[in-house]
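The next block holds one structure in the form of structure tokens; read it before the comments.
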Amino acid sequence: MTPEAVGKVPRRPDRFATTRWSVVLACGDSQGDEEMARNALAELCKTYWRPVFAFICRNGHSVPDAQDLTQDFFLMVLEGDILKRADPNRGRFRSLLLKALQNCLANDNIRKRAHKRGGDMKFVSWDEWMAEAPSHFSIPKLESENWPAERIFDVRWAATAAEHALRQLGEECEARGRRRVFDVLGDYLAAERQDVSYQKLSKTLGVPEASVKRIVHELRVRYRDLLRAEVAQTVEKPEDVDEELRYLCAALAAG
Amino acid sequence: MNNISDCMRIESDVTPCEQCGSASKIGRGLCLNCLLHRCLDANSGNAENLYEALNEVDVRDADWRIGNYQILEEIGRGGMGVIYRARQRHSRRIVALKRILSYQADSQETLIRFRREAEAAASLDHPNILPIYEVSESEEGLPFFSMKFATSGSLLDLAPALRNESLRSVALMAKVARAVQYAHFQGILHRDLKPGNVLLDGRGEPLVSDFGLAKWLDISSDLTRTLTIFGTPGYIAPEQAQRSAANLTPAADIYSLGAILFDLFTGRPPFLGEHALAVIQQASEKPAPKLRSLLPGFDRDLEIICSKCLEREPRARYRFADDLAEDLERWLEGRPIIARPVSPPVRIWRWSKRNPKLAGSLAAAFVLGMVGVIAVFTNSRLSSIVQNAELARHSVVVTPFEDLDELSTSSNSAKAATSALTTALMQTNGIRASSSKTQVVDPWSTEDWKKIGESATARMVISGTVRRREGKQRVAIHVIDTASGKVVSRWLGDPESAGEIGKVLVKQISEALDRPPANEVDSDLVGGTSDPSARSYYERGKEFFFRHNFADLDRAIDSLRTAVRLDTNYAYAYALLATACQLKSLLNADGPWLKEADGAIAKALSIAPMLAEGYDARAGNSLYRGRARESLDDFLTAYELEPGNSRACARLAHGYHVLGRADWSMFWYAKATRRETQPFYADNIGDIWTDLGEYNKAEEAYNTAAIFQPDLPVSAIGLSRIELFRGEFDKARARCEQAREKYRSNPQLLMIAAQIEFFSRNFGRAEQLYAELMKGDHAGGVDYHGSVRFLSATGFIHAMIVTADGKALLNEARTLDQKELTTAPDNPARLYSLAANYAALDDEISSLNALESAIAAGWIDYRSMTLDPRFDAVRATSRFEQAVANLQQATRQMADRTGK
Chain A
32 MTPEAVGKVP RRPDRFATTR WSVVLACGDS QGDEEMARNA LAELCKTYWR
82 PVFAFICRNG HSVPDAQDLT QDFFLMVLEG DILKRADPNR GRFRSLLLKA
132 LQNCLANDNI RKRAHKRGGD MKFVSWDEWM AEAPSHFSIP KLESENWPAE
182 RIFDVRWAAT AAEHALRQLG EECEARGRRR VFDVLGDYLA AERQDVSYQK
232 LSKTLGVPEA SVKRIVHELR VRYRDLLRAE VAQTVEKPED VDEELRYLCA
282 ALAAG
Chain B
5 MNNISDCMRI ESDVTPCEQC GSASKIGRGL CLNCLLHRCL DANSGNAENL
55 YEALNEVDVR DADWRIGNYQ ILEEIGRGGM GVIYRARQRH SRRIVALKRI
105 LSYQADSQET LIRFRREAEA AASLDHPNIL PIYEVSESEE GLPFFSMKFA
155 TSGSLLDLAP ALRNESLRSV ALMAKVARAV QYAHFQGILH RDLKPGNVLL
205 DGRGEPLVSD FGLAKWLDIS SDLTRTLTIF GTPGYIAPEQ AQRSAANLTP
255 AADIYSLGAI LFDLFTGRPP FLGEHALAVI QQASEKPAPK LRSLLPGFDR
305 DLEIICSKCL EREPRARYRF ADDLAEDLER WLEGRPIIAR PVSPPVRIWR
355 WSKRNPKLAG SLAAAFVLGM VGVIAVFTNS RLSSIVQNAE LARHSVVVTP
405 FEDLDELSTS SNSAKAATSA LTTALMQTNG IRASSSKTQV VDPWSTEDWK
455 KIGESATARM VISGTVRRRE GKQRVAIHVI DTASGKVVSR WLGDPESAGE
505 IGKVLVKQIS EALDRPPANE VDSDLVGGTS DPSARSYYER GKEFFFRHNF
555 ADLDRAIDSL RTAVRLDTNY AYAYALLATA CQLKSLLNAD GPWLKEADGA
605 IAKALSIAPM LAEGYDARAG NSLYRGRARE SLDDFLTAYE LEPGNSRACA
655 RLAHGYHVLG RADWSMFWYA KATRRETQPF YADNIGDIWT DLGEYNKAEE
705 AYNTAAIFQP DLPVSAIGLS RIELFRGEFD KARARCEQAR EKYRSNPQLL
755 MIAAQIEFFS RNFGRAEQLY AELMKGDHAG GVDYHGSVRF LSATGFIHAM
805 IVTADGKALL NEARTLDQKE LTTAPDNPAR LYSLAANYAA LDDEISSLNA
855 LESAIAAGWI DYRSMTLDPR FDAVRATSRF EQAVANLQQA TRQMADRTGK
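Set out below in structure tokens:
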């Protein structure tokens, strides 16, 4: 699987009924289209490479080593049945990916073989992907040092989903010629803030205050939908979204 | 983990969320926890509602476009420019876009200048230079340019993580230096190299940004702007604050590279100050602090490399960024660096400002050494190179081969080899060969190769040497890449005929030409180490070795032994161990030391058969064993392998000097001096002039030595010896005593002091001094000059005064000489010493026979002969007188030849 092949995947298959992960799982049951499953899996991996990389780094690997291992890991995931071997009882994409990763790092032989086989093959296209979707995720130093690698993985996962949705929201605004609106109002998505000056924003955007309030509200609603849709891509059934979100909230709040 | 990728920024100081107290944020101040919570248990909305709401806003994105780019976000802002992440509209490529803010729209001329410079920068194509995609103006006429979006920040962000990782810092900066050299060769100076301008891609590879564009972009403070200095205080070269931009040379960028290195190692630029002006003032008034004054115990070679970049005098810095890269790469590979520890050039420039007249005469004496190596590159000169730099990819130019037997390029065999190779290459398809038309004498440096390559528009220069060796023709050939000045291929062998030279080499040269530039490395150069602890022992060993005292020499040997134990394939360490062991045997004529050296040399050469240092060490062993003639072959091999190596030239010069070929010796010292930035061999040159009776020239050389080698008493020794020969014993004695106060424990100074007393027949004092010397080495000690064995002189004095043990001591000395002669029968110094012993023992015939043998083997110092009291018994004989007369005539002839 090369990044070019990944590019052929439709940009946003956001229908809940067939989440990407369900397509992947269906293929494991020999019920689905294998090529579609591979593309869906590649698209998921392309989005969620950062948690994998962060986990490997947190396990004490140097940055260049972690980059090589990340490449090797994804090539193994995409070429083989490693996800199935990781947990026959299946589960969410996130937990399966983490288990596969843990097994992979624990098994030195796999690692060496993968490295050999990987050769010039690359999955993660660092520069391109980071330029296209830079991350601004930050955590406090103390927590980065104290949290176990698994928690780093989960939190980085949550951030990836949240950033992905944010980027999609920006693109939707841009598609309507209103990226500037997103740039100005995007900071107010999270919660009611005391210091929001609608008057000032109204002046900046040249629309009445009431409109600003309405746009902020609609941006929040849309963001919520996009984030839920994103999380849905990683679970088997749409009903699992809330459970997965709760799990991620717990990971952030734990300890 | 935040350092290479943007995966996770780790902040030491974060404001927790007002709502939930969590401190994990995804940018824009958005709290991750709050975002997730808001999405729980929600009903699905309708996207159309958002789109309707958006339509209420009458702000067109067109305002948010520059040229053909959609602005995505602002990522940086400086005094004069803003940087955005942007997307090119049709290709959808993500770029970084820099817009100049304070450009004065009324000046068309300024706009044209900006475009010209930005387009020049855009023409740079190097893997470690941030590519510029487009230079343009926005609709309002504001200039901007787009470039690769570097994803992993700059050295500014990476620096804290690099603090204790010298290896990574050095590897990174070596690449940066190569990139800077590439730009220099294209005629573009950077003028504002600083950590913030060295960006990093996703793999952590450095990308130098803003070449030549400093003045259009961020200027750090109003103060610097009013001074019209372009650059960033702390990293800019002192001359950048004083000269107009047009007069800057590549040396300014090299200074900045040094300042960045300094910052990476210490966490701060070399100079700090409350404001920009204070920093600049300090940089131009004070020498940069030594790295190890801030980091005691830090690597000595890295300190030397940094200091060489940070010299205030531009000409004292590395001449090319490539030379800096070379040293950094050498350090990484555990090979010896080229930069020298002391910085006498600055000393001499400062000093010559105070003593212009004397400095002038010194400069004349070292015209070969000084002028040859100083390259002043102006911007315009670089630009002219750019115009000529369209070097044909498959073109080579052959420079005249050097005949090492004739010291000439016009001998028959030199011409035959040159033309055979040129012809063979000309007949090869796909190669455009020519012979060099330029008159570059003794080419060896990057600049020489560039000059030759440039004038012939050739990509590669081929140079070589020939000589007779064991009845065959020995040929050495080097293929040099014109752009980098690097040897990309070399060959050493004994071809049967001149025609074969061409055949053998055509294939090799074709391969070198086909290789892409990135692979142009010295592939046959093995012998470094990848083991960091072996390297650190080697570095320690080298540090001790260069302290030149005997206590540290033992430490050097210990460290080097450990280095080769840790990495048994570390050829460089073996070679240096051998050299250290040789030095150890200098005062203690101890067989085991030279034996250990033999072992280390054999090992070094079996690992790296093309290691010049190995042949140099093996030659050294022959020399130390008194077999100078034998040493020449290995010294020549070392030179053939590395013609740019000054040490090989100097050691050859020494070999020829020992063999009485003062004229050839001078030729090789001149070569050695040309290859050094400083005349390190001034004292040896002084010795030759002394032997040739040219005392005035010798004095000039020793005076230079005093400036360039202030840590050694070489000048005092040389000058007092001249005074001794002139019969000015009191002056000689006073000079020695004065020097001994400064260089208290130097054994060579003690030797010359003893010799002065002995030759001036002040026997009481001479005996005391020789007794002191013999404490260090009873049996084997011999004067460096004049070949007086301590034992023999003591025996002679005893025989004159008390006679009790005098004769026995003289016989002992004679036996030692004879024993050494069994292994080195034509060692001139030993034959001479034997002659003196026989004379002291009143054996006239044996003495004169030995003396004549010594002269036949190469002894030319007839002045010591006329003064040495031990020859008193034979002095009046006609054979002795004749010998002196012959030597006088021979040295006069050599002096004439050398003078020419």
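Each protein sequence line maps, in turn, to chains A and B. Start counting the first sequence at 32; every next residue gets the next number (my numbering). Start counting the second sequence at 5; every next residue gets the next number (my numbering). Ideal Cβ positions, reconstructed from N, Cα and C, are used throughout, including at glycine.
Shorter than 7 Å from the beta carbon of residue i to some beta carbon of chain B?
i	result
PHE104 (chain A)	no
SER242 (chain A)	yes
VAL212 (chain A)	yes
TRP157 (chain A)	yes
GLY237 (chain A)	yes
LYS234 (chain A)	no
SER169 (chain A)	yes
LEU258 (chain A)	yes
CYS76 (chain A)	no
Determine, for residue i, whether the minimum Cβ-Cβ distance to residues of chain A falls below 7 Å.
i	result
TYR747 (chain B)	no
LYS179 (chain B)	no
ARG13 (chain B)	yes
THR19 (chain B)	no
TYR55 (chain B)	yes
LEU663 (chain B)	no
Within the continuous alpha helix (DSSP H) that includes residue i, where are the two ends?
i	result
GLN759 (chain B)	751-763
GLU204 (chain B)	It should be pointed out that residue 204 (chain B) corresponds to Leu in this sequence rather than to Glu. No alpha helix (DSSP H) contains LEU204 (chain B), which is instead part of the beta strand (DSSP E) from 202-204.
LEU211 (chain B)	It is not in any alpha helix (DSSP H) - LEU211 (chain B) instead sits in the beta strand (DSSP E) that spans 210-212.
VAL99 (chain B)	Taken as a continuous stretch (DSSP letters only), VAL99 (chain B) belongs to no alpha helix (DSSP H), being part of the beta strand (DSSP E) at 98-104.
TRP495 (chain B)	No alpha helix (DSSP H) holds TRP495 (chain B); the beta strand (DSSP E) holding it covers 491-497.
PRO82 (chain A)	80-89
GLU110 (chain A)	94-110
ILE258 (chain B)	254-270
SER311 (chain B)	304-313
SER28 (chain B)	First-last for SER28 (chain B): undefined, no H or E at that position.
Buried or exposed for residue i, please, with buried defined as at least 16 other CB atoms from any protein chain shown within 10 angstroms of its CB.
i	result
GLU745 (chain B)	exposed
GLN230 (chain A)	exposed
GLN185 (chain B)	buried
LEU171 (chain B)	exposed
ASP809 (chain B)	exposed
VAL445 (chain B)	exposed
HIS279 (chain B)	exposed
GLN759 (chain B)	buried
PHE168 (chain A)	buried
ASP327 (chain B)	buried
GLY630 (chain B)	buried
Where do the N-terminal and C-terminal ends of the beta strand (DSSP E) with residue i fall, by residue?
i	result
HIS482 (chain B)	476-485
TYR913 (chain B)	No answer is possible for residue 913 (chain B): the residues shown for chain B start at 5 and end at 904.
*asked:* Threshold first: 4 residues or longer. Then list the alpha helix (DSSP H) segments lying entirely within the stretch 680-743 of chain B, N to C.
replied: Runs of the alpha helix (DSSP H) inside the stretch 680-743 of chain B: 686-695, 699-712, 718-729.
*Between the stretch 93-107 of chain B and the stretch 146-155 of chain B, do at least 3 Cβ pairs fall closer than 8 Å?*
Enough Cβ pairs lie closer than 8 Å, so yes.
*Using 8 Å as the threshold, is the stretch 894-902 of chain B in touch with the stretch 809-819 of chain B, meaning 3 or more CB pairs across them?*
Look at the beta carbons and you see the stretch 894-902 of chain B not touching the stretch 809-819 of chain B: under three pairs across the two are nearer than 8 Å.
*For the 8 Å Cβ check, are there 3 or more pairs between the stretch 604-612 of chain B and the stretch 575-583 of chain B?*
Touching, per the Cβ criterion.
*asked:* For the stretch 184-194 of chain B against the stretch 253-272 of chain B, do three or more pairs of beta-carbon atoms, one drawn from each stretch, fall closer than 8 Å, so that the two count as touching?
replied: Judged by Cβ distances under 8 Å, the stretch 184-194 of chain B makes contact with the stretch 253-272 of chain B, as three or more pairs qualify.
*Contained beta strand (DSSP E) runs [length at least 3] in the stretch 757-836 of chain B, N- to C-terminal order*: Considered as a whole, the stretch 757-836 of chain B harbours no complete run of any beta strand (DSSP E) with no fewer than 3 residues.
*asked:* I'd like to know if the stretch 465-482 of chain B and the stretch 293-310 of chain B are in contact, where contact means that at least 3 CB-CB pairs between them fall below 8 Å.
replied: Judged by pairs of C-beta atoms under 8 Å, the stretch 465-482 of chain B does not touch the stretch 293-310 of chain B, as fewer than three such pairs exist.
*asked:* Quick test of the definition: if touching needs 3 or more C-beta pairs under 8 Å, does the stretch 645-663 of chain B touch the stretch 680-696 of chain B?
replied: The stretch 645-663 of chain B is in contact with the stretch 680-696 of chain B.
*Can you give, in chain order, each stretch of the alpha helix (DSSP H) that sits fully within the stretch 619-655 of chain B and has at least 4 residues?*
Taken in chain order, the complete alpha helix (DSSP H) segments of 4 residues or longer contained in the stretch 619-655 of chain B are 632-645.
*So, do the stretch 33-53 of chain B and the stretch 250-266 of chain A have three or more beta carbon pairs nearer to each other than 8 Å?*
Contact between the stretch 33-53 of chain B and the stretch 250-266 of chain A is present: three or more C-beta pairs spanning the two stretches fall below 8 Å.
*asked:* I'd like to know if the stretch 182-191 of chain A and the stretch 81-88 of chain A are in contact, where contact means that at least 3 CB-CB pairs between them fall below 8 Å.
replied: Yes, the stretch 182-191 of chain A touches the stretch 81-88 of chain A.
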